[in-house]
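First the structure, in the form of structure tokens, and then the observations on it.
Residue numbers (UniProt numbering): 1 to 253.
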């Protein structure tokens, strides 16, 4: 039987300190051995103690003030090793890495076009740097997972608004394939985030090198009694404004 690793990602929307306990309680119910939390902040040092209470360890970047970064939560008992992978566009702090059960996992939070001053330029520089990171890891069992604020133009969005969508699609040229799309097909559509006007987008992604097999990959809107996100029109309040993405990875050896 092929050994497997369950991985996930969830954008926690820069959760205010008084919401962290709810965020962690919801995150801990997801079926994941390792979970990448995007939009974490310097105020989230309490994540360590809160996750420990649920039997998880936490590894986090400390983004500069006013920036949001990446935290990686790992269930106790899972073998990990620190890996140094620098964000290609400092002071943006959208990269955190950890070797998990022999697999290099790179958690990502990509800049949007309006994320910082001159956001479109920053976004392009960041993606060029991400391609270099991909080239450095393409021969290894490796996963890139997180909120990329990008996708396939006209497919992962319901209006043609993605800036530099081709850089997202070029990840395959650098050895990393879209894991969700490999399971669901090139024309499949799903949403992990909705704009204020109700337009859905698939922003949260998993990409893997070809020495790994994506056995399952699905978006999760509700878990363990927690409404992670509430799509427009449902009249409920979600913990975040993003769905989680959870995938089962086959370790081919």
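Even for Gly, the Cβ is constructed at its ideal location relative to N, Cα and C.
Taking residue i as the reference, which of the options has the closest Cα?
i	options	result
residue 87	109, 99, 74, 103	109
residue 222	69, 129, 126, 192	192
residue 42	30, 35, 54, 59	59
residue 148	70, 135, 159, 136	70
residue 164	225, 185, 123, 131	123
residue 160	179, 202, 134	202
residue 166	219, 7, 128	128
residue 56	66, 67, 77, 39	77
residue 257	52, 229, 199, 242	The question about residue 257 has no answer here: the residues shown for the chain are numbered 1 through 253.
residue 81	74, 216, 100	100
residue 184	246, 218, 90	218
residue 133	112, 105, 216	105
residue 146	74, 172, 206	206
Which first and last residues belong to the alpha helix (DSSP H) in which residue i is found?
i	result
residue 188	Unbroken run through residue 188: none, as it is neither H nor E.
residue 169	165-169
residue 23	20-27
Out of curiosity, what's the CA-to-CA distance linking residue i and residue j?
i	j	result
residue 170	residue 244	24 Å
residue 102	residue 26	27 Å
residue 125	residue 37	23 Å
residue 98	residue 32	15 Å
residue 256	residue 197	This structure cannot settle anything about residue 256, because the visible part of the chain is limited to 1 through 253.
residue 72	residue 96	7 Å
residue 121	residue 84	25 Å
residue 7	residue 50	20 Å
residue 226	residue 237	10 Å
residue 66	residue 21	22 Å
residue 111	residue 79	30 Å
residue 4	residue 90	34 Å
residue 181	residue 162	18 Å
So, at 8 Å on beta carbons, what are the nonlocal neighbours of residue i in its own chain, with the 5 sequence-adjacent residues on each side left out?
i	result
residue 138	174, 175, 176, 209
residue 212	103, 141, 142, 143, 249, 250, 251, 252
residue 54	24, 25, 28
residue 135	174, 175
residue 241	11, 13, 193, 194, 229
residue 18	none
Can you name, in chain order, every residue of its own chain whose Cβ lies under 7 Å from the Cβ of residue i, other than the five neighbours on each side?
i	result
residue 23	12, 15, 239
Taking the beta strand (DSSP E) that residue i belongs to, which residues open and close that run?
i	result
residue 217	212-220
residue 105	103-109
residue 44	It is not in any beta strand (DSSP E) - residue 44 carries neither H nor E in the DSSP assignment.
residue 252	Element bounds for residue 252: n/a, residue is neither H nor E.
residue 11	4-11
Identify, in the order they occur along the chain, each residue of the same chain with its Cβ nearer than 6 Å to the Cβ of residue i, setting aside the five sequence neighbours on each side.
i	result
residue 2	250
residue 63	69, 93
residue 224	29
residue 74	34, 57, 80
residue 9	36, 145, 146, 204, 245
> When the Cβ atoms of the segment 42-53 are set against those of the segment 151-158, are three or more pairs found closer than 8 Å?
Replying inline: no
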